[in-house]
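To start, the structure itself, in structure tokens.
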Amino acid sequence: MNYEEAVRYIADIPKFTKKHPLDHTREFVKRLGDPCRGKRAVHVAGTNGKGSVCAYVQAILLCEGKKTGLFTSPHLETVRERIVCNGEMISRREFLEVFLPVKETACRMEEEGLGHPSYFEFLYGMALAAFEKKGVEYLILETGLGGRLDATRAFGTPSVCTITSIGMDHTEILGDTLEKIAAEKAGIIRPKVPVVFLSEPREAAAVIRRTAEEAGAPCRGISKDAVKIQETGREHIAFLTGSEYDNNTPWQVRGSGAYQAVNATLALETSRILLGMERFSDCWREALAAAYWPGRMEEVLPDVVLDGAHNLAAVEEFVRSVKNWLAQEEARLHRKKELVILFSAVAEKDYRDMAALLGKEIPAKAFIITRIRDARGADTDSLEEAFRQATDSTVLVRDSLEEALDTARKEKGRDGRLYCLGSLYLTGELKLLLKQEKETGGSYA
Numbered sequence: 525m526n527y528e529e530a531v532r533y534i535a536d537i538p539k540f541t542k543k544h545p546l547d548h549t550r551e552f553v554k555r556l557g558d559p560c561r562g563k564r565a566v567h568v569a570g571t572n573g574k575g576s577v578c579a580y581v582q583a584i585l586l587c588e589g590k591k592t593g594l595f596t597s598p599h600l601e602t603v604r605e606r607i608v609c610n611g612e613m614i615s616r617r618e619f620l621e622v623f624l625p626v627k628e629t630a631c632r633m634e635e636e637g638l639g640h641p642s643y644f645e646f647l648y649g650m651a652l653a654a655f656e657k658k659g660v661e662y663l664i665l666e667t668g669l670g671g672r673l674d675a676t677r678a679f680g681t682p683s684v685c686t687i688t689s690i691g692m693d694h695t696e697i698l699g700d701t702l703e704k705i706a707a708e709k710a711g712i713i714r715p716k717v718p719v720v721f722l723s724e725p726r727e728a729a730a731v732i733r734r735t736a737e738e739a740g741a742p743c744r745g746i747s748k749d750a751v752k753i754q755e756t757g758r759e760h761i762a763f764l765t766g767s768e769y770d771n772n773t774p775w776q777v778r779g780s781g782a783y784q785a786v787n788a789t790l791a792l793e794t795s796r797i798l799l800g801m802e803r804f805s806d807c808w809r810e811a812l813a814a815a816y817w818p819g820r821m822e823e824v825l826p827d828v829v830l831d832g833a834h835n836l837a838a839v840e841e842f843v844r845s846v847k848n849w850l851a852q853e854e855a856r857l858h859r860k861k862e863l864v865i866l867f868s869a870v871a872e873k874d875y876r877d878m879a880a881l882l883g884k885e886i887p888a889k890a891f892i893i894t895r896i897r898d899a900r901g902a903d904t905d906s907l908e909e910a911f912r913q914a915t916d917s918t919v920l921v922r923d924s925l926e927e928a929l930d931t932a933r934k935e936k937g938r939d940g941r942l943y944c945l946g947s948l949y950l951t952g953e954l955k956l957l958l959k960q961e962k963e964t965g966g967s968y969a
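All residue numbers for the sequence shown refer to our numbering, where the first residue is 525 and numbers rise by one.
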């Protein structure tokens, strides 16, 4: 079996299996030889910001000379993005090397009537096997969905549990209130293991704090109000964390997403506890400034920005970031910047609420609507209706992503700014499209 066949096999897993209880995952990992047992780990849950926090923690650990294994989801361009060792996603060869024994174990479980591991379980098993093979010292594990029943919860006892922002998403699975969703995310909390969490919204924070107290786990809440943004530049955000360790010297993270200042602050406190340090290390500033997490206010071309906002809570943060950027840019240029929005979403998301918020808060010249290629994509008729009800601005529909991007760029012109959001599927498809254009000599610049 070659690499392409391995990828197809994994992609087909959802067609013949389903989610399993945690005992199934534990049995699966045990049969793999319990890779990474006893390793130090950070376990991260939350609605939005998990991947960014994981990337920042990885950057800090690497600057301290630690060997790291990072497991995240979803991927944007290639499934190998989910398994990163020492800051680099595994190669095709390494992917195949861990795939083969994991597949053998999975098939044996199926033959014995235990059930084939799910898509997420399978990749989690591959990640642990890859990390063991690489001899990593620290694991950074991002939950897929929820936390309490997530496959990563099968990991023994992490060193720190971190919970990022909580919002209304996957309500059909996690519950229809912030409290219910927070309870699922707080399911990663272990007895006596330190917890770092975002202390807003209040309803969610109360659940997390209560769960930590019941587990005898020391907890440290980070408030958004304590994080003070000093500057929103074209390529970075400068901020203070409100911590005694700042010494009034701003930190920087890449991109123009205001929400990344909060995510970075969560990562700083997580890393401090993980490494058993009293203060932030000097090398952390440079590490954070260089850290990169794709698809989050990522300026892929001049004034063409991709953002993975795909639920209402994330779009609220997107709006805040755009307003911050606009205010500083207009102060610098002494003129308004024309904005264009390219949008698509999956059908089960709250895209009507997202459209209503964007239409009300973003002074866009035009909204370009398209459909993502995934079968779960919302149809353009429904998306168009949502935006026409939300705005008096121009709303244009394009069936293909190529047409949508071309139209959006024409609407943007030379001096405007294009934001693309609504789905991580959209982000991934756009990144692949732009890469193909570059390789074939096309011009989206």
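Each residue gets a CB set at the ideal place from its N, CA and C atoms; glycine is no exception. As the structure is a computational prediction, the values presented were derived from the model and not from experiment.
Does the beta-carbon distance from residue i to residue j come in below 7 Å?
i    : j    : result
A741 : V717 : yes
E862 : K889 : yes
S642 : K543 : yes
T720 : R758 : According to the sequence displayed, residue 720 carries Val and not Thr. Contact: no.
K709 : G668 : no
S868 : I896 : yes
T571 : D693 : yes
A902 : A871 : yes
Using a Cβ-Cβ cut-off of 6 Å (strictly less than) and excluding sequence neighbours within five positions of residue i, which residues of its own chain qualify?
i    : result
A833 : V839, F842 and L945
E963 : none
R922 : T894, A928 and T931
R550 : A678
A707 : V731
A569 : T667, G671, I687, K709 and I712
What are the start and end residues of the beta strand (DSSP E) that includes residue i?
i    : result
R778 : W775 to R778
I753 : K752 to T756
G680 : G680 -> no beta strand (DSSP E), and no H or E assigned at all.
C560 : Neither: C560 is in no beta strand (DSSP E) and is coded neither H nor E.
K889 : A888 to I893
E927 : E927 -> not in any beta strand (DSSP E); alpha helix (DSSP H) instead, spanning L925 to K936.
E841 : First-last for E841: L836 to L857, but that is the alpha helix (DSSP H), not the beta strand (DSSP E).
Y943 : R941 to L945
L920 : T918 to V921
Whose C-beta lies closer than 7 Å to the C-beta of residue i among residues of the same chain, with five residues either side of it excluded?
i    : result
V531 : V603
L957 : L925, E926 and L929
S576 : Q784, N787, W817 and R820
E953 : I896, R897 and L925
Figure out for me which residue from the options has the closest Cα to the Cα of residue i.
i    : options                   : result
R820 : Q754, H760, L798 and E645 : H760
I614 : E645, E628 and A651       : A651
A750 : G766, A736, V622 and R758 : G766
A851 : I886, A910 and T701       : I886
T469 : S917, R876 and G883       : Beyond the ends of the chain as shown, which are 525 and 969, falls residue 469; an answer cannot be given.
A814 : L546, K554, A871 and Q776 : Q776
L647 : D547, V553 and L790       : V553
G781 : R714, W849 and E727       : W849
For residue i, which residues in the same chain have their Cβ closer than 8 Å to its Cβ, ignoring the five residues on either side in sequence?
i    : result
Y816 : A579 and R778
K959 : E601
G965 : none
A969 : For A969, the predicted structure reports a pLDDT of 42, less than 50, and the residue's modelled location is therefore unreliable. A value from the coordinates is still provided. Excluding sequence neighbours, A969 sits near L825 and P826.
A880 : A910, Q913 and A914
What are the start and end residues of the alpha helix (DSSP H) that includes residue i?
i    : result
T951 : L948 to E963
I797 : Y783 to L798
K704 : L702 to K709
Give me whichever residues DSSP pairs with residue i in a beta bridge.
i    : result
C743 : V719
F595 : I607 and L665
H989 : Given a span of 525 to 969 for the chain in the structure shown, any question on residue 989 remains unanswerable.
V626 : In the DSSP output, where bridge partners are listed per residue, V626 has none listed.
T686 : V568 and V720
E909 : Per DSSP, none; premise fails for E909.
E822 : L830
I732 : I732 pairs with nothing; no bridge assigned.
F867 : I893 and L945
E612 : C609
G883 : Note: G883 sits in no beta bridge, so no partner.
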